[in-house]
Amino acid sequence: MSEQHAGGCLCGRVRYVATGRPSRAGICHCRMCQRATGQPLVAGAVFAKAALRITGETRAYRSSPRALRHFCPTCGSPLFFEPLDQPDRSGPRFWDQGLEWSRVLIRHCDGGSDGEDKTEV
C-alpha cells in the first residue's frame, strides 16, 4: 500500500489525505506566499490532484495570475494552493505529523534573496 499523509485546518472541518510521495516538496519565500500565510517562508508539497482526497468545504481566491489559494471558511486556515499552469496538481500546506520528505526541499525566491534557486527532488 502507498504511504498516506493526512492534514487539514485548525478547526478540523477540512481534512485531506495525500497518497504516495509528492512530485516535489519545498520552501517558498516569495512575497505572495509570505502575504498569504503571514510567515517569512512556507513549506509545502505538490501532489497530483488524483492523489489528494479532500473532505469539507473550502473557499478559494485567485492570489495571483498563477495560483488559486484555498482556505477553511470557518477558521480561516490557509490549506492548499492550485497552480493554474498545472491544473492537475495541488499543494497542501499543513500535515498532522512530521514527514520524511519534508527535509528534502526546493527553495524558491522572487527577489527577496539573491535570485531563484531550485533543486528538484
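Read in order, the letters of the sequence shown correspond to residues 2 to 122 in the working numbering.
A virtual CB, placed ideally from N, CA and C, is assigned to each residue, including glycine.
Asked	Found
Cβ atoms of V18 and A7: under 8 angstroms apart, would you say?	yes
Determine, using beta carbons only, whether R25 comes closer than 8 angstroms to chain D.	Among the chains of the structure shown, chain D does not appear; only one protein chain is present.
DSSP has Q5 in a bridge; who is on the other side?	T20
So the alpha helix (DSSP H) A37 belongs to, where does it begin and stop?	R32 to T38
For G77, count the other beta carbons within 10 Å of its own beta carbon; 16 or more makes it buried, fewer makes it exposed. Which is it?	exposed
Taking R22 as the reference, which of M33, K50 and C12 has the closest Cα?	K50
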